[in-house]
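To keep things clear, I will list the structure first and then write my remarks on it.
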Amino acid sequence: MSRSRKLSSQSLAVLEALSKRPSDWLYGLELAKLTGLKSGSLYPILIRLADRALLESRWLEPSEQGRPPRHAYRVTGAGLKALADAERLANASLRELRT
Amino acid sequence: MTGLSRFLLRIARWIAGPQRCEWVDAMEAEAASASGESTGWAIGCVWASTRDRLRREWRFLVAVPLIGFGPLLLSLVLLFPMTWLWHHGWMPKWLIDHSVLLEMLPFAFLLGRGRPGHAAYVAAAICFAVGRNDPARSRLDCGRRIAACGIWPLFDVVHVQSGGRTDRRFPGLARRRVAGLVHAPAY
Numbered sequence: 000m001s002r003s004r005k006l007s008s009q010s011l012a013v014l015e016a017l018s019k020r021p022s023d024w025l026y027g028l029e030l031a032k033l034t035g036l037k038s039g040s041l042y043p044i045l046i047r048l049a050d051r052a053l054l055e056s057r058w059l060e061p062s063e064q065g066r067p068p069r070h071a072y073r074v075t076g077a078g079l080k081a082l083a084d085a086e087r088l089a090n091a092s093l094r095e096l097r098t
Numbered sequence: 000m001t002g003l004s005r006f007l008l009r010i011a012r013w014i015a016g017p018q019r020c021e022w023v024d025a026m027e028a029e030a031a032s033a034s035g036e037s038t039g040w041a042i043g044c045v046w047a048s049t050r051d052r053l054r055r056e057w058r059f060l061v062a063v064p065l066i067g068f069g070p071l072l073l074s075l076v077l078l079f080p081m082t083w084l085w086h087h088g089w090m091p092k093w094l095i096d097h098s099v100l101l102e103m104l105p106f107a108f109l110l111g112r113g114r115p116g117h118a119a120y121v122a123a124a125i126c127f128a129v130g131r132n133d134p135a136r137s138r139l140d141c142g143r144r145i146a147a148c149g150i151w152p153l154f155d156v157v158h159v160q161s162g163g164r165t166d167r168r169f170p171g172l173a174r175r176r177v178a179g180l181v182h183a184p185a186y
């Protein structure tokens, strides 16, 4: 059962990177470059997001021969919704601060 | 990928455990693709595995020292009735002295149920060491503690059961893991 805990800013950064290309499968290295996260931070986030079904993963055959298959990730509908909710909350907080 | 990276990824796999096997495979595949940066990537993988394992098992890690105080409390609870029985000559002194062997069994049982396998056995030993950590105690007590650790698997239990798989060495008996401290085939 997934818990509805608030997503961290780093998790949101990963979701945002994935949501920019929602139909593409992105590799861990690509995500690390896009978000600026190291592997030590990136993988716990990917595991958590996958546990909460906010992203889906699959193994893709490598483009070069002799390389192992790579794990790739794509945002799910629930992930897009979670990102939209987080943005809405952030905007509401900003509005409150301004008033 | 360098030899150091491979070594680090093996450590990451060991820390992550079989539940996260697929994720370590994923990290390893990326390390193979990260030409020139594979060592840095692998160090991160060790860190990621450690964080994930701690996140998954923090309750068990906290429970180990907390449960460790259980045998201590139980020995205090049992002290008065046992002393009373001894005082009236209904219990030999050696039984009181060696009651320490039995005090931790309920707690070893709890740990074993919570987390079966060798990890539970090690954790139970740590828990017992924490709970009985009394520097004023003699070497004899230390020896009893070690003996106590040794008898846990005997209590983790071969017992008679009508259904289930029978043991080859003892036909008619069925082995069943009760506390989970020792590895036994799953039924």
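First to last, the sequence lines map onto chains E and U. So for the first sequence, numbering that gives the first Met the number 0 puts the first residue at 0; every next one is plus one. So for the second sequence, numbering that gives the first Met the number 0 puts the first residue at 0; every next one is plus one. Cβ coordinates follow ideal geometry from the N, Cα and C atoms, glycine included.
Residue 51 (chain U) counts as buried, since no fewer than 16 other beta carbons sit within 10 angstroms of its beta carbon. Within the same chain, and ignoring the five residues on either side of residue 46 (chain U) in sequence, no residue has its Cβ closer than 8 Å to its Cβ. A direct Cα-to-Cα measurement between residue 57 (chain E) and residue 89 (chain E) gives close to 31 Å. A distance of 8 Å or more separates the beta carbons of residue 56 (chain U) and residue 28 (chain E).
Around the beta carbon of residue 53 (chain E), a 10 Å sphere encloses 16 or more other beta carbons of the protein chains shown; the residue is thus reported as buried. Per DSSP, residue 58 (chain E) is one residue of the beta strand (DSSP E) stretching across 54 to 59.
Residues are counted here when their Cβ sits less than 7 Å from a Cβ of chain U; for the region 55 to 73 of chain E these are 66, 67, 68, 69 and 70, given in chain order. Assignment of residue 16 (chain E) by DSSP, reduced to helix, strand and coil, places it in the helix class. The secondary-structure analysis by DSSP pairs residue 69 (chain E) across a beta bridge with E:59.
Cβ neighbours of residue 14 (chain U) within its own chain (closer than 8 Å, five residues either side excluded): 45, 48, 49 and 52.
At a Cβ-Cβ threshold of 8 Å, residue 40 (chain U) and residue 38 (chain E) count as neighbours. Flagged as an interface residue toward chain U: residue 38 (chain E), by a C-beta distance shorter than 8 Å. The beta carbon of residue 50 (chain U) sits closer than 8 Å to some beta carbon of chain E.
Beta-bridge pairing by DSSP links residue 26 (chain E) to E:71. Between the alpha carbons of residue 75 (chain E) and residue 55 (chain E) lies a distance of about 6 Å. For residue 2 (chain U), the enclosing alpha helix (DSSP H) has its first and last residue at 2 to 15. The Cβ neighbour count for residue 19 (chain U), taken over all protein chains shown within 10 Å, is at least 16; the residue is labelled buried. Boundaries of the alpha helix (DSSP H) around residue 26 (chain U): 20 to 32. Taking a Cβ-Cβ cut-off of 8 Å, residue 35 (chain E) has no neighbours in chain U, whose nearest Cβ is about 13 Å from it. Listed in chain order, the non-local C-beta contacts of residue 92 (chain U) below 8 Å within the same chain comprise 85, local neighbours out to five positions each way being set aside.
Taking all protein chains in view, the Cβ of residue 7 (chain E) is surrounded by fewer than 16 other Cβ atoms within 10 Å, so the residue is classified as exposed.
Residue state for residue 93 (chain U) is assigned as helix, using DSSP reduced to three classes. Interface residue (Cβ-Cβ distance to chain E less than 8 Å): residue 43 (chain U) is classified as such. Here residue 14 (chain E) really is in contact with residue 78 (chain E); their C-beta atoms are around 5 Å apart, less than 8 Å. The DSSP-derived three-state label of residue 21 (chain E) is coil. Of U:88, U:24, U:43 and U:71, the smallest CA-CA separation from residue 70 (chain E) is found for U:24.
Excluding five sequence positions before and after residue 31 (chain E), the CB atoms of its chain that fall closer than 8 Å to its own CB belong to 37, 38 and 41, given in chain order.
Taking a beta-carbon distance threshold of 8 Å, residue 43 (chain E) counts as an interface residue toward chain U.
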